[in-house]
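Chemist: Chain order of the listed sequences is A and B. Letter by letter, the first sequence follows residues 0 to 357 in the working numbering. Letter by letter, the second sequence follows residues 2 to 159 in the working numbering. C-beta atoms are modelled at their ideal positions from N, C-alpha and C, and glycine is treated no differently.
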Amino acid sequence: MFSLEGITTATQDWLLIKFNPTIALAIECVIVILLSISLFALLGLVLVLMERKVAARIQIRLGPNRVGPGGIFQTAADTLKLVMKEGLTPDTADKFLFNLAPFVVMMVAMLLLAPIAFAKNFQIWDINIGVLYISAISSLSVIGILMAGWASNNKYSLLGAMRSGAQIVSYELSAGFAVLTIVVLTGSLQISEIVAAQENGWWLFKGHIPVIIAFVLYIIAVTAETNRAPFDLAEAESELTAGFHTEYSGMKFALFFLAEYINIFIVCAIGATLFLGGWMPFHMGNWESFNHIMDYIPSSIWFMGKTFFLIFLIMWFRWTFPRLRVDQLLNLEWKYLLPISLFNLLLVTIIAIMGWHF
Amino acid sequence: MFLKDYIYDVYNGVRSLLKGMRKTGYYFTHSKEIITEQYPDNRATLKLADRFKGEVIMPHDDNNEHACTGCTACEIACPNGTIKVVTKSEFNAEGKKKKAVDALVYRLELCTMCNLCVVACPSDAIKMAPNFEHSVFDRTKLTKILNKPGSKIREGIE
Numbered sequence: 000m001f002s003l004e005g006i007t008t009a010t011q012d013w014l015l016i017k018f019n020p021t022i023a024l025a026i027e028c029v030i031v032i033l034l035s036i037s038l039f040a041l042l043g044l045v046l047v048l049m050e051r052k053v054a055a056r057i058q059i060r061l062g063p064n065r066v067g068p069g070g071i072f073q074t075a076a077d078t079l080k081l082v083m084k085e086g087l088t089p090d091t092a093d094k095f096l097f098n099l100a101p102f103v104v105m106m107v108a109m110l111l112l113a114p115i116a117f118a119k120n121f122q123i124w125d126i127n128i129g130v131l132y133i134s135a136i137s138s139l140s141v142i143g144i145l146m147a148g149w150a151s152n153n154k155y156s157l158l159g160a161m162r163s164g165a166q167i168v169s170y171e172l173s174a175g176f177a178v179l180t181i182v183v184l185t186g187s188l189q190i191s192e193i194v195a196a197q198e199n200g201w202w203l204f205k206g207h208i209p210v211i212i213a214f215v216l217y218i219i220a221v222t223a224e225t226n227r228a229p230f231d232l233a234e235a236e237s238e239l240t241a242g243f244h245t246e247y248s249g250m251k252f253a254l255f256f257l258a259e260y261i262n263i264f265i266v267c268a269i270g271a272t273l274f275l276g277g278w279m280p281f282h283m284g285n286w287e288s289f290n291h292i293m294d295y296i297p298s299s300i301w302f303m304g305k306t307f308f309l310i311f312l313i314m315w316f317r318w319t320f321p322r323l324r325v326d327q328l329l330n331l332e333w334k335y336l337l338p339i340s341l342f343n344l345l346l347v348t349i350i351a352i353m354g355w356h357f
Numbered sequence: 002m003f004l005k006d007y008i009y010d011v012y013n014g015v016r017s018l019l020k021g022m023r024k025t026g027y028y029f030t031h032s033k034e035i036i037t038e039q040y041p042d043n044r045a046t047l048k049l050a051d052r053f054k055g056e057v058i059m060p061h062d063d064n065n066e067h068a069c070t071g072c073t074a075c076e077i078a079c080p081n082g083t084i085k086v087v088t089k090s091e092f093n094a095e096g097k098k099k100k101a102v103d104a105l106v107y108r109l110e111l112c113t114m115c116n117l118c119v120v121a122c123p124s125d126a127i128k129m130a131p132n133f134e135h136s137v138f139d140r141t142k143l144t145k146i147l148n149k150p151g152s153k154i155r156e157g158i159e
């Protein structure tokens, strides 16, 4: 059976035979870096194409269909165009911060990749405070956005960045509470343990209604945190042209664009890990043969399937709901999501203490 | 009481959001609803909407007769001088002098397809046609005379 664990183990064994442990570790680091960069590039291409196709189907259109069969090379062609374009820096911009900002945003996205379990025993860094690490690092992305907005020396950029700051700071709370419900149920912050706790059933099914509420809150909060419609007032092209990346062009713009999609992937991957069991196959109680068939599907396929399902859900939101105003956005968080998630966390805590979950 | 309103608010909000998602989900899963025309490829079988307004035409029947009385109502209705009706005097069968259209000059480059002329026409002599391939190399080709040469008004239209 195909498994990514086998490949990594074989690679490590081979490296340890050929080189001494230090050099082998260094080579492994280089391999991991290359793999994560290529994953980023691939995800950017795939997700942008997916977004355009989903948008087209929802709006009764066909979407890109000229470049390659069914338009599958459209995003590759777009990237080629962006690479060849001039990366213009405005005259009055703060040059250092302006050029640094896209890389900060990208770096935050890359750091978030570390604790995600892509398959069984296939994880870059199984840190024992994985969930805390994720929520800490994901709040750093607002710095890159504020940096871009401030350094552009453009009122639209600054407005977009400020809105983004208010939005991310607010929605982090309810996202954090939603994550905490799972931490309470599992009793661990480590991603691998959270996944292992879902062996006999995903938390979404095991945790009764409170976990379903937490899941809905999580999806809403991360949609806001990644600045996606209906919470995309940081970009709001009809009001602010493009918000914080108005002044960016060429490859620097592409980095922002890529980071947006990578962030979607990462938050959906975390959502899939916490609520949908990560790479755990779908098991039904005592149906031995059914469970056995499900085990035959590789764990990486399970993980990617769940993640892409959540990504599709977020895209579905984007092309269905109209954009909120700033006051509506903050009302939604502080008057609805936060009280509900606080109450929900209390409920989950009671369930966890009394052992009422399955 | 407050709590009841609050829960009702949340319930209503979620319900309306799900309603919207149901609609878009229906479109996503039903590809037969797609209305995109692959224009240059399907030029022969292109289907345009019934109300598509591409240019003003004057329909002629088989006897090369039209319904235009030359009343200039369309010219008066046109907000930007697109239509110019050149009239002439004719003698009808009873030998009476009567006004008739000589040339209905239509300047496509000025037309905004507002449809006011078609609405104003008392005898339904002109209508909007779904033609949109209007590119020409010479601007004068956009000035059209809508009544065909040698055409005359249909019997019984006043």
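Cβ of VAL82 (chain A) within 8 angstroms of Cβ of MET283 (chain A)?
Modeler: Residue 82 (chain A) sits at position 83 when you count from the first residue of the first sequence. Residue 283 (chain A) sits at position 284 when you count from the first residue of the first sequence. Not in contact: VAL82 (chain A) and MET283 (chain A) (Cβ atoms no closer than 8 angstroms).
Chemist: Could you tell me whether the Cβ of GLY26 (chain B) comes closer than 8 angstroms to any Cβ of chain A?
Modeler: Your numbering for residue 26 (chain B) matches position 25 in the second sequence. So, interface residue.
Chemist: Quick one: what's got a C-beta closer than 7 angstroms to ARG162 (chain A)'s C-beta in the same chain, skipping five residues either side?
Modeler: One-based indexing of the first sequence puts residue 162 (chain A) at position 163. Excluding residues within five positions, the ones whose Cβ falls inside 7 angstroms are LEU232, ALA233 and VAL325.
Chemist: To the nearest whole angstrom, what separates the beta carbons of PHE214 (chain A) and PHE302 (chain A), a pair I think is in contact under 8 angstroms?
Modeler: What you label residue 214 (chain A) is simply residue 215 of the first sequence in a count that begins at 1. What you label residue 302 (chain A) is simply residue 303 of the first sequence in a count that begins at 1. Not confirmed; about 17 angstroms, so no contact.
Chemist: Where does GLU156 (chain B) land, buried or exposed, given buried means 16+ other C-beta within 10 angstroms?
Modeler: Counting from 1 along the second sequence, the entry for residue 156 (chain B) is found at position 155. Classification of GLU156 (chain B): exposed, given that the 10 Å Cβ count is below 16.
Chemist: Using 8 angstroms as the limit for Cβ to Cβ distance, is ARG324 (chain A) near chain B?
Modeler: The residue given as residue 324 (chain A) occupies position 325 in the first sequence. No - not a single Cβ of chain B is within 8 angstroms of the one on ARG324 (chain A).
Chemist: Enumerated in chain order, which unbroken segments of the beta strand (DSSP E) with a length of 3 residues or greater are wholly contained in the segment 64-99 of chain A?
Modeler: Listed in chain order, there is nothing to give.
Chemist: In chain A, what lies closer than 8 angstroms to LEU49 (chain B) by C-beta?
Modeler: As a first step, residue 49 (chain B) must be located in the second sequence, where it is residue number 48. Chain A residues near LEU49 (chain B): none, gap ~16 angstroms exceeds 8 angstroms.
Chemist: Under 8 angstroms by Cβ, that's how I've got THR272 (chain A) and ILE193 (chain A) pegged, so tell me the actual separation to the nearest angstrom.
Modeler: Position 273 of the first sequence holds residue 272 (chain A). Position 194 of the first sequence holds residue 193 (chain A). Between ILE193 (chain A) and THR272 (chain A) the Cβ distance is about 7 angstroms, and since that is below 8 angstroms, they are a contact.
Chemist: Residue range of the beta strand (DSSP E) that TYR107 (chain B) falls in?
Modeler: Against the second sequence, residue 107 (chain B) aligns to sequence position 106. 98-108 is the span of the beta strand (DSSP E), which, as asked, contains TYR107 (chain B).
Chemist: Can you give me the C-alpha to C-alpha distance between GLY143 (chain A) and ALA50 (chain B), rounded to a whole angstrom?
Modeler: Reading the first sequence from its first residue, position 144 is the one you call residue 143 (chain A). Reading the second sequence from its first residue, position 49 is the one you call residue 50 (chain B). GLY143 (chain A) and ALA50 (chain B): Cα-Cα distance of roughly 48 angstroms.
Chemist: Give the C-beta separation of ILE265 (chain A) and LEU38 (chain A) to the nearest angstrom, bearing in mind that I take them to be a contact with Cβ-Cβ under 8 angstroms.
Modeler: Taking the first residue of the first sequence as position 1, residue 265 (chain A) is located at position 266. Taking the first residue of the first sequence as position 1, residue 38 (chain A) is located at position 39. With a Cβ gap of about 11 angstroms, ILE265 (chain A) and LEU38 (chain A) do not count as contacting.
Chemist: What's the C-alpha gap between LYS149 (chain B) and ASP103 (chain B)?
Modeler: For the purposes of this step, residue 149 (chain B) is identified with residue 148 of the second sequence, where counting begins at 1. For the purposes of this step, residue 103 (chain B) is identified with residue 102 of the second sequence, where counting begins at 1. Going by the C-alpha atoms only, they are around 10 angstroms apart.
Chemist: What residue does the beta strand (DSSP E) around SER90 (chain B) start on, and which one ends it?
Modeler: Here the question's residue 90 (chain B) lines up with position 89 in the second sequence. It spans 84-92 - the beta strand (DSSP E) in which SER90 (chain B) sits, taken as one unbroken run.
Chemist: Would the beta-carbon of LEU358 (chain A) fall within 8 angstroms of that of ALA23 (chain A)?
Modeler: Examination of residue 358 (chain A) is not possible in this model, given that chain A is present from 0 through 357 alone.
Chemist: Quick check: the Cα distance between SER173 (chain A) and TRP149 (chain A), rounded to an integer number of angstroms?
Modeler: Residue 173 (chain A) sits at position 174 when you count from the first residue of the first sequence. Residue 149 (chain A) sits at position 150 when you count from the first residue of the first sequence. If you take the alpha carbons of SER173 (chain A) and TRP149 (chain A), they lie about 27 angstroms apart.
Chemist: Could you compute how far the alpha carbon of PHE97 (chain A) sits from the alpha carbon of THR30 (chain B)?
Modeler: As a first step, residue 97 (chain A) is located in the first sequence; it is residue number 98 there, counting from the start. As a first step, residue 30 (chain B) is located in the second sequence; it is residue number 29 there, counting from the start. Whole-angstrom Cα-Cα distance: 43 angstroms.
Chemist: Going along chain A, which residues have a C-beta under 8 angstroms from PHE29 (chain B)?
Modeler: As a first step, residue 29 (chain B) is located in the second sequence; it is residue number 28 there, counting from the start. Per Cβ cutoff of 8 angstroms: VAL53, ARG56, ILE57 and TRP315.
Chemist: Where in the segment 167-207 of chain A do unbroken runs of the alpha helix (DSSP H), each at least 4 residues long, occur, reported from the N-terminal end onward?
Modeler: Within the segment 167-207 of chain A, the complete alpha helix (DSSP H) runs of at least 4 residues are 190-195 and 202-205.
Chemist: Between the beta-carbon of THR88 (chain B) and the beta-carbon of LYS100 (chain B), is there less than 8 angstroms?
Modeler: For the purposes of this step, residue 88 (chain B) is taken as the residue at position 87 of the second sequence. For the purposes of this step, residue 100 (chain B) is taken as the residue at position 99 of the second sequence. Contact flag set, yes.
Chemist: Going straight from the alpha carbon of CYS115 (chain B) to that of GLU56 (chain B), what length do you get?
Modeler: Counting from one through the second sequence, the residue named residue 115 (chain B) turns up at place 114. Counting from one through the second sequence, the residue named residue 56 (chain B) turns up at place 55. Going from the Cα of CYS115 (chain B) to the Cα of GLU56 (chain B) covers about 10 angstroms.
Chemist: Against LEU4 (chain B), what residues of chain A qualify as contacts under a CB-to-CB distance less than 7 angstroms, listed in chain order?
Modeler: Position 3 of the second sequence, counting from 1, holds the residue named residue 4 (chain B). Here the premise fails: no neighbours, minimum Cβ distance about 11 angstroms.
Chemist: With a 10 Å radius around its C-beta and 16 neighbouring C-beta atoms as the bar for buried, classify MET279 (chain A) as buried or exposed.
Modeler: As a first step, residue 279 (chain A) is located in the first sequence; it is residue number 280 there, counting from the start. Buried, by the Cβ-count rule.
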